[in-house]
Structures are given as C-alpha cells and as structure tokens.
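There are 8 protein chains.
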Amino acid sequence: MSAAQPQVGMVMGSQSDWATLRHGAETLAQLDVPHEVRIVSAHRTPQRLVEYATGARARGLRVIIAGAGGAAHLPGMLAALTPLPVFGVPVESHALKGMDSLLSIVQMPAGVPVGTLAIGKAGAINAALLAAAVLALTDERIATALDAWRERQTAAVALVPVDEGNATQP
Amino acid sequence: MSAAQPQVGMVMGSQSDWATLRHGAETLAQLDVPHEVRIVSAHRTPQRLVEYATGARARGLRVIIAGAGGAAHLPGMLAALTPLPVFGVPVESHALKGMDSLLSIVQMPAGVPVGTLAIGKAGAINAALLAAAVLALTDERIATALDAWRERQTAAVALVPVDEGNATQP
Amino acid sequence: MSAAQPQVGMVMGSQSDWATLRHGAETLAQLDVPHEVRIVSAHRTPQRLVEYATGARARGLRVIIAGAGGAAHLPGMLAALTPLPVFGVPVESHALKGMDSLLSIVQMPAGVPVGTLAIGKAGAINAALLAAAVLALTDERIATALDAWRERQTAAVALVPVDEGNATQP
Amino acid sequence: MSAAQPQVGMVMGSQSDWATLRHGAETLAQLDVPHEVRIVSAHRTPQRLVEYATGARARGLRVIIAGAGGAAHLPGMLAALTPLPVFGVPVESHALKGMDSLLSIVQMPAGVPVGTLAIGKAGAINAALLAAAVLALTDERIATALDAWRERQTAAVALVPVDEGNATQP
Amino acid sequence: MSAAQPQVGMVMGSQSDWATLRHGAETLAQLDVPHEVRIVSAHRTPQRLVEYATGARARGLRVIIAGAGGAAHLPGMLAALTPLPVFGVPVESHALKGMDSLLSIVQMPAGVPVGTLAIGKAGAINAALLAAAVLALTDERIATALDAWRERQTAAVALVPVDEGNATQP
Amino acid sequence: MSAAQPQVGMVMGSQSDWATLRHGAETLAQLDVPHEVRIVSAHRTPQRLVEYATGARARGLRVIIAGAGGAAHLPGMLAALTPLPVFGVPVESHALKGMDSLLSIVQMPAGVPVGTLAIGKAGAINAALLAAAVLALTDERIATALDAWRERQTAAVALVPVDEGNATQP
Amino acid sequence: MSAAQPQVGMVMGSQSDWATLRHGAETLAQLDVPHEVRIVSAHRTPQRLVEYATGARARGLRVIIAGAGGAAHLPGMLAALTPLPVFGVPVESHALKGMDSLLSIVQMPAGVPVGTLAIGKAGAINAALLAAAVLALTDERIATALDAWRERQTAAVALVPVDEGNATQP
Amino acid sequence: MSAAQPQVGMVMGSQSDWATLRHGAETLAQLDVPHEVRIVSAHRTPQRLVEYATGARARGLRVIIAGAGGAAHLPGMLAALTPLPVFGVPVESHALKGMDSLLSIVQMPAGVPVGTLAIGKAGAINAALLAAAVLALTDERIATALDAWRERQTAAVALVPVDEGNATQP
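Protein chains in written order, with UniProt numbering: chain A, 1 to 170; chain B, 1 to 170; chain C, 1 to 170; chain D, 1 to 170; chain E, 1 to 170; chain F, 1 to 170; chain G, 1 to 170; chain H, 1 to 170.
This is the structure we're talking about:
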C-alpha cells in the first residue's frame, strides 16, 4: 500500500476475500498506483459502507475496486453511493463457484453501473489493471507503467509450450 | 393497504416490481393484515433505504417483505439494517428469468438472513402468507384468518382435472 | 439443545445433513433459544414427517427449520402440514452443489411458503438467526440476545485485512 | 379414461398441469391401458396425497405417473408412500422453464426412486409409454399394442423433410 | 450376479462407470434379483449396442438399467431398440458434474422413454430399486424382498442426529 | 439439393428440425456444394441410422452434418458408425432452449468426435460453411466460392449502424 | 453523436446490436459526452477490429464501449489491442438469453481487463454512465452533468407504486 | 511433433492449456499426422494471432486446432482470419469448470464456424481425431491409420467390468 494519497480504494466484504483481492493489490503495487485496502461489509457493517462510499470522492479517491462473494452487494451499494467509477470482483463462493457472486455484481439495473471483472484471482488482477487504465488517461507515469506491464506480458508468452513435471490433467 | 398501524412493510425496488408484489399485497389484504407499500430502491435511493430500514422497528413494523430483480440488493441491505425478519421476493428479470434475482437474494452470507421465496408472483403471495404465519404466532385473529385461508385452499383443489378451452400446451 | 420447552424445531433429512445443520443449532444455543433437533426424512420416514408436522403447533413449537439436500422435499412438505413458519436450508449436494436442493426448496407454488436461506452452513446459521428474529418480536430476552449478537458481529469486522499463512488462492 | 379397473394412476399437482399430462392420458388411451386421472397436490392436499399413495397398491393400481412443476414434490412423496413404480413428469414452470421441476423430481436420494421423464409434453407421453412397457411385461394385449405403436411411429418418419408454410425459424 | 436367468440387464458405457453402477448391482443382489452386468459403449461399440438391445427381450431380460456419462447416448439408444422398460443412470462427469449426463438421458423426445434416476451412486441404487419394483408387480418373492428392504430403510433412520468425528462441513 | 453426387449428407432427427437445418442447406446451395438432405431419427428409426452411417463413405459422402434437439443422439451415433467427419447442430429445444441439445452433442467421450456448432440457425449455417471449408482443402472450385462468400460477408458489414423501424429492444 | 472530438468510441458486432447499444448512445448524448458509434465485427471484419483498436488512443478516444452477443469476442479483443479502458455490454442472445454473451465477455484471463455491464439495455445505459464517470474524473462539465443525472434519477423514484393498466404479471 | 511439413496447427492460449492439449498432440502423433504446436494468446499476443492465422494456409497447414479457457476467443478469432477449418477445444476453467470456455467457443455467430469439441482432455483427443478424419478424406495413409485406431478402440472395450482397487465412488 503506497504512502502517497490513495487514488484507488480497494474494499472487500470480509477477511476471507483478501486471498483473492490481494492479487489486485499486488498488481496496483507493481504499477506504483497509490491505493488503500479496507474491509467493508455491506451486510455486517452497513454504516461503514455508507461512510466509505459517501466520503470517497472528497477524500481524493478516484476509482473503487470492490470484491465480494455470494449475494455480493458491496460493489453495487458503493456504486449507489458514490459517483466514482466502481469495478467489481466476484469472489469465488463455495457452493456455486462464484456464479452467484458474478450475477449479484454484474446484473445491476440501469442507472447504477458496476464494471465487473472475472470471477476470482483473474478478476482481482484485472480490476487493478482497469483502474490503472483509467488513471493512465491523465497520469503519464501510470500510463508508462501500464504500457510497460502490457509489453512485458506479451513478451513473456513463449512460442512453444514446455512439458512440466505435473503433466497429468483431467 | 389497511388504515391500522402497519405490521408488515412491503417494499420494492421499482414501480415495475409492483406487478409482481401486488399479489402479495392482495394476499395481506385478504388476511386483513395491516401493511404499507413503498418503493425503496437500494441503488437509486440508498438514503431512503437506510432510513426505512433503521426506522422500521421503532415505527411498529414487525415483518418486512422486499422484492427486487436482477442484482437484487434490497432485501439483503434491509436485513443488514434492521433486526426485523426480512422476507425476499425475487422478481423475474428479463434476460435471466429471475435466476439472478434469486441468487442475489438467497445467497446471503452467515450473519444476515433473508427468508427467500419463489421467483415471481408465487413468491409474492407466499411472502405474504409467511409474514402472516409469523404474526399469527401471537395474533389470534390473523391465525384464524390464515387457518381459514389454508382450509379454503385445500378445499378448492378438485379431484379430477377438467378440459379447458385452451388445451394446447408445449 | 435447551431443556426448556422447545420453541424451534430443527429437522433434517438424514444424519449426513447434521454436519450442516449443527451450525444452526449452535447459533440457536448461542442465542439461548430453546430448540429440539430431529431427523425426519420425507422420503424414508414419511409417516414421521406427517406426525411431526401435524403435531408441531400443539406441542408448542413456534418455528420450524428444515434442512435437506438434492430433491429436498422436507421443508415444503412440513409447510404443507403445519401453519407454523418454516425456514428451509438447502444442504450442498454432491454433484450439483446444492443447486438442486435450493430449487427444490425455494420454488414452492403459491399457497405454501418456505422461507429459504443460503446453501450450506451460512444458510443453517441464518435460519437460526431468522427464527430468533421471529421469536424476538414477542420475546424481549431473545430480542436482546439477537441485538447483542448482531452488534458483536459488526464490531468483529476488522478495518484492514491481514495476511495469513495460507495465502494462496485460486 | 377406461371403465376397466385402472392399472395406471395418473396424478398431477394442479389443474394447470393437465394441459401437459393430458398428452400422457391420450397415449394411455391409444394403447387401451386402463387408467384413472386425479389431482393430488402434495402441498395443498397433503392428506389426499397420503391416502392416494398408501391405498394405491391395494386398489389394484400397478404404476403411478405423477406430474408437477416448480418445487415438484408430488412424484417423490408418492414414491415414499407406495412400493409401486412411480414415473415423474416435470411440468414446465414459468420462470425456470422446468429446470426446477426436473431437479426436484429426478435428484431423489438413494432408497426412493422416481423414474423421471423429459420436461413437458414429451415427458407426459413418454411416461405413458414407459408405464405401458412395464405392464406389457405380463400383459400380451398391451405388449402387442405397444409394439404396434412403436412400429407406426417408425413408419411415420419421412425420408426427406418438406418445406412448410411457416418456415421462419430463429 | 445371480446364476439364475437374468431378469435385469445392467449395462454401462465404460469400465469407469462401474464405480457408480456397482452400487446398483449390489442393490439388485441384496434383493436377490437375477441380473447380468455388461459394458456396452454406444460410441465405441455401436454394433454391440444394437445386438444387446435387439436381443434383450428374446433372451428373457425384462428391465434394462443403463448408465453413462457426458453425452450419454446409451440409455436412449437402447430404448430406441427394445420395447423393454429402460432406466437411465447419469454418471457424474468430470467438468459438468453430470448435468450433461442428466440432460442427455432425460430429455428424450416423445416416443422413446427412458426413466431417469439421480446423478451418480444414488441413481444407480434407485435404478435397481425401480427395476425391482417393476418385477415385484408379478413376482411375489421380489415384492416381499423389496417391502422388507424399504421397511429396514425406514427403521434405520435415527430420531436424533449424532455428532461424528469429522464434523467440519463447508 | 444438387443433382451431382452428394458430398455432404445433411441429416436431422425430425421434420421439425428442418426449420433450422434448411438454413444450412441454403448455405451449401449458395456455395454450390453437392449435398443430400434426409430425416434420420436416432430414436424412432435406429435401423435407418445404422444404414445411413455405415454406408455413407462407400456412397461417396465426405462430410455429415447432423442436427437434433433435446437428448440429441443423432450426431454422436453417426460419428460412432462412420469414420467421416461429423458436424453437429444443436436445435433449440422448447424448455431448455437448446442447452440440452448442445451438451448432448458436444460432450462426446474421447474417441468419437463431433465438431459442434452453435445452437440453432447460426449453427446450421456454420455447419455448412465448415463442411465447405473441409471440402475446399482439395476442391479449388469450392475454395474459391468460400473465399468469395467470406469476402462478401466482410464487405457487407456497414461502418455505422442505422436506426430501424422497430427500435424497441429489451 | 456529438460533433466534438469523440472521447468515447462505442462499437458493436453487428447492426442487430444497435437496438441494445443505442440506449447507451442516448445516455451519452444526455450527458453531452462526445462519442462516435461504429460497427466492428470481430469475426466478420477482424482487420477493422485491429485498426480500430490500435488507432483508438492516438485518435483521441479515451474510453471504448463494446457490445456483442453469443460468443462475444469484440470487447476482449479490443482490450487486447488498446491500453484504453474497455467496457463490455453483453447483448441478449436468442437461445441462451445472453448468458453466453456475458461469460464470453466477463471471464477474461488475468492481464486483459474488460469492465462488464449487465446483459442488454441496462448494460448499455450503464456502460455509458461508467464511461462518463471515468471522464468526469478530469472533466468538470461531465462531472456536473453526471451528478445532475444521478440526482434526477433519485428524485424520480416515487414513494408508493401506482396501479397500471397492464397489471397482469406472471 | 513430426518433422514433415505440418498439416495440423495446434495452438493454445497459454502454457497452462498444454496439460489439456498435449493429449491431442499425442493422438496426432499416434496417427502419424504431421503437426506443429504453438502458444498463441488472443489477448496477450494479438499480433501473433493475426500472423499465425493469416499465414496458415500459405504455410501449408490444412486444419487448425485451438484450445483456450474462460472467455476463450482464440478459436473464433483464428476462424475469422483463415478459411481453414478450425476445431476448438474448451479448456476446463477453474471457477466455472469450462462452461464459460465452451460457450465462448461454440456460440459463434453465423458466418464464422468453429467445430467445437468436449471440454477438456476428451475434447483435445477428439479434435485430433476430427482433424485426422478431415485429412483422411484425401490421404490414404491417414485414413488407414484412423480406421485402425478406431478398430483398436472398439476391440479394447471389455464385455464385463472388473472391480478395481479404488472402488469408492461418490
């Protein structure tokens, strides 16, 4: 978490979501995007939710990343309470494997958008990249870091797959 | 809507949900359960949501019925903000036919329950019956009305089906 | 299980459901709600089902919690046979992960309601909390216990997530 | 419905299911299988369900066909209460298109079988054919009728499709 | 497998299905129902499929139980080729957990029925019980065995669940 | 249907599938690919299925397109009985909208492939295009026709959408 | 479409998607956000896709909104080819009602994000609002327009539902 | 990988897909079909995708096999850029078990076909067999090898299942 004024607020519904969201936080750190990380439970701490969302813009945040699982109301309720762009990360749930999380986040009614990413770790990383892409529109430093990140990613794709020790696969 | 002090607060996310929820209101009226009906949008009127939920118990409400569709956050957010029992009605959505509404309402995390009914009209009627069953525990008049309602329902089931004009069926 | 006259009857379809339902029983115990726990299989002991349901109100029960998996008929059949409020807990099934249990419980036709909770452990805990919320309407002691439980839950949510030993996550 | 002693009992959860089940009754009639048709609602007439199922074998029934929709408990509860073979027809439900009906019927736990057919009209016809196939094992007349029915069916399949008036198709 | 003339033919699509179907074979053995067990792959041994199905009735078989996974065509193709009652067991598949198996078996078009049981082990046991119920219609010995099996099953349901060593549950 | 020796055999499970498959036949005609069209029901005409599939290569067919709905066994059974490439078209079913058709066709076990296209009309057209692409590998005339078809398709995509009379959309 | 330098590029896979996307274009117009509208088919005009995406940033675009249905590859491929933020709108498909569109858009692998909105019209409107929220971070005029839009939306929610002519509802 | 001029190009979206696709490569090797194996990520290496697809026919490739997971755009984008037949293998994804991969590959719009195989290892093997079947149309050596492969497969199916050490099964 950067010491600079956070530009991205990453919130999650519970401690258990951190195992997913931390991959997003690490990506923000790699891109040197100042950010903060908080637990805000829509259901267990609704007042904290209201305070976090309604104060976010004034506190200087520019993008909110919210992850939650199951009946995941956190991203949508944040989006209802702040004009800032909100990106949602469906955390994989136990029984339904995140399909409930995904639908609870992405199927917002017209009027209150949540830009939703993939279920789980990929979604957390991509929420960070999307937040960086938004900030990069007016922050040359982040734009440069993001372009470099994408170039490294492309360069890292080998041309031919290699056999690995654990080659068994269903 | 009864003139007496409402015991059931029926809320819905938008005007369009009324076509579903009204079947529940009619059932409450049949059972002579005092109730009120309100539109409270979790996403478009989040402050109204907070006020409605936090004031419900003090205003004398005893049960809340909440219906919403899509990423349906209304029942769960009400349940987060009031200790009263909350019953949720998943309204049938356009594309996903209420599966999104159902999962968004029923898959609440441990700690904040929403008693969820079926998708659509059946769920609205059943939310009313369940609310009446709760009130009937300590209200002899409602208990009697509910018992009679159930007896009439049983008596109304014919023994043999009858052919109807529109017999085509897929 | 309290020694007092049980107010909540918790039933399940088989011994294997106890691993899920016991979390609900523990929650009832935490709230000091008098309850009993029974195995009642709709399919293997249908006569026991009829006897349990038809005698429940007269025996002093006020709420029934029923958990079952797969083609889960127990909650709905109880609701058909007693005017008491019935709350259903879909137990996670092996192949379909509880989606079959959920739909079998929640999609009740108009006329016979089952207030359905989430699949699995969360649903069991929430069924207990919802039963307590119903009883709390007219039982000051349970109301106080439930309010305290909810306050402790809110207070227990940390502001910032902590890294844990097993940080790997898919 | 034949005047002879019914060998197949066809039951359905409500009048509205008749639009589906009647196709099965017509098939039984085509095969000259003596049968009766009844409405038995597991949820609205549970006592009728118990009486119908427990008396079926003694009354001379040999196969039961049961159709229901949504949280369809009728086939499974009949199977719990009679040793006769029970075949289930998932009636197409409004919101979930019979997926809830199908899972509620087919996912029975070990110990109480329901032989489940397809959702809707095809399932109703096939339940009749399957009941006839069971009776045909020891009834030469039905065996002959069923063989002829199957031969006619095979013979009726044209070799080349023909264009029809309403050729538009999505 | 009984030495007597087999009355039930149990077939499966591959060796790997035996882990599921064997539970059905064990149930047939418990009920002393003469049966045979074969591997018949609709896709890898289509000629064996044709031979098995077209010769089944003449060989004295009275019921066929067929289990397969994924795009499970075995039960339906058998039903297309024999007038005997066919009961299908959807074997749990790797990726889709048997939902593909279930739909491939149950959704047969009008004209060719497959009585479908639950996904996996429960379905295999229930296919055996359903086959026995069919045979019991005209075989007093099997009828008695089946009634006893069902009574033992009912009697084996404890009234109260017991805590077990491995009490953790998701 | 071309008068030349058919190279593509298009088969479907019933007359009702023609409304879908005809779009594929029209595409084959546009590309001037000699083809034949037949109804072959895996379930109602299994012997016709065996004859068609086992004789296909000797008769000079080079690709088979097979469309069916519900528990769609036709494509897979053809693929079991001929070494020719088989392409499957899942026809949209009534209740489950072709999801059953799709899984019944695509989830073939290792050893017997069916190249599966999209549900419905798009799949029928694409099966024709894929068959043409296969033939085009060694048929210059078809290759030229296919390239031209693809170029026309690309050229036909307007740069800017136009408003249409029926602009309402859900 | 504004005459000013477009800041938002709205693209769709085909003319038929315009019935959905136009609601997003109208929302952008209401907020006075300069934008352009184009048809870019990933599958039928892949070169146009490459050109549009690779030139977008240099042409002054700041956000891309992309809508497509079925196997919807347009949003993801655009995101692969431009560092600009891409928001995806799953267009409702015929058979699978947009579930295929949704999963094809939202389940992007780590490294290439698409912020995904709801299926259909609501998603199109919300993509426009999210794009506006991004631009509003550094454009006071758009920020003011967006705040006003949200306030009007909140103010437009009536407190009590009204009966309407077409009150029937499933 | 054969030293001869490759006729089949097998590509996959990432190194992790190799655990699935290698089963297809092994099958091609068993049939002695000259092939090459490459990693081509539609999202991380879009330019490599364009080059691979547009150059494939000129380089002498005749069939392309493409495997990818999640929002799997690789097969469809290849099919958009080459007239060669493209066969798609949905790789099993973590959360949604390959249902997302399947729908992203199979639900292509009319005009650009991808012949889709089963999710996972079975699909990889079958893509190889289908590619061989296409080549076998004009390559006697491959036709002979494929026929032999299929005969060995049929011969390898035992008539009776055998008990195995690990007989437990859910």
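Ideal Cβ positions, reconstructed from N, Cα and C, are used throughout, including at glycine.
Once you ignore the five residues that flank residue i on each side, which residues in its own chain have a CB closer than 6 Å to its CB?
i               : result
H23 of chain D  : K121, A124, I125
A127 of chain H : G24, I65, F87, V89, L117
L74 of chain H  : G13, A42, A66, A68
Taking CB distances under 8 Å as the criterion, tell me whether residue i reaches chain C.
i               : result
M1 of chain B   : Bear in mind that the predicted position of M1 of chain B carries a pLDDT of just 46, short of 50, making it unreliable; the figure below should be weighed with that in mind. Chain C contact via Cβ: absent.
R62 of chain B  : yes
E92 of chain E  : yes
M108 of chain A : no
V134 of chain B : yes
What residue range does the alpha helix (DSSP H) around residue i cover?
i              : result
R59 of chain B : Segment: none, R59 of chain B is in no alpha helix (DSSP H) and carries neither H nor E.
Within the same chain, show all residues whose beta-carbon is closer than 7 Å to that of residue i, passing over the 5 residues directly before and after it, in chain order.
i               : result
S14 of chain C  : I39, S41
G70 of chain D  : S93, D100, S101
R48 of chain E  : V40
D17 of chain A  : G67, A68, G69, V91
E140 of chain D : none
A145 of chain A : L31, D32
I142 of chain E : L31, V33, A132, L135, A136
At least one CB of chain G closer than 8 Å to the CB of residue i: is that the case?
i              : result
K97 of chain A : no
L49 of chain A : no
T45 of chain B : yes
Indicate whether at least one CB of chain D lies closer than 8 Å to the CB of residue i.
i               : result
L103 of chain C : yes
I39 of chain E  : no
Taking 8 Å as the CB-CB limit, is residue i close to chain H?
i               : result
G120 of chain A : yes
Q15 of chain G  : no
Assuming residue i contacts residue j (C-beta within less than 8 Å), just tell me the rounded distance between them.
i              : j               : result
P85 of chain A : V134 of chain G : 5 Å
R62 of chain C : L28 of chain B  : That belief does not hold up - the Cβ atoms of R62 of chain C and L28 of chain B are roughly 21 Å apart, past 8 Å.
V33 of chain B : Q5 of chain B   : Between Q5 of chain B and V33 of chain B the Cβ distance is about 11 Å, and since that is not below 8 Å, they are no contact.
M77 of chain D : M77 of chain C  : 6 Å
Does any residue of chain A have a CB that is nearer than 8 Å to the CB of residue i?
i              : result
A42 of chain B : yes
T20 of chain G : no
M77 of chain H : no
Could you name the residues of the same chain whose beta carbon sits closer than 8 Å to that of residue i, not counting the 5 residues immediately before and after it, in chain order?
i               : result
P83 of chain G  : R57
G115 of chain G : P85, V86, F87, G88, L130
A80 of chain G  : A53, V112
Give a yes or no on whether the minimum CB-CB distance between residue i and chain B is below 8 Å.
i              : result
G70 of chain D : yes
Please decide whether residue i counts as near chain F, where near means a Cβ-Cβ distance under 8 Å.
i              : result
H73 of chain G : no
G55 of chain E : no
Just checking residue i against the ligand MN - is the residue's beta carbon closer than 7 Å to any of the ligand's heavy atoms?
i              : result
E26 of chain B : This structure simply doesn't include the ligand MN, nor any ligand for that matter.
Is residue i close to chain E? Criterion is C-beta to C-beta, closer than 8 Å.
i               : result
L159 of chain H : yes
Exercise. Counting only runs of 3+ residues fully inside the UniProt domain "PurE" (6-157) of chain G, write out the beta strand (DSSP E) ranges in chain order.
Key: 8-12, 35-39, 63-69, 86-91
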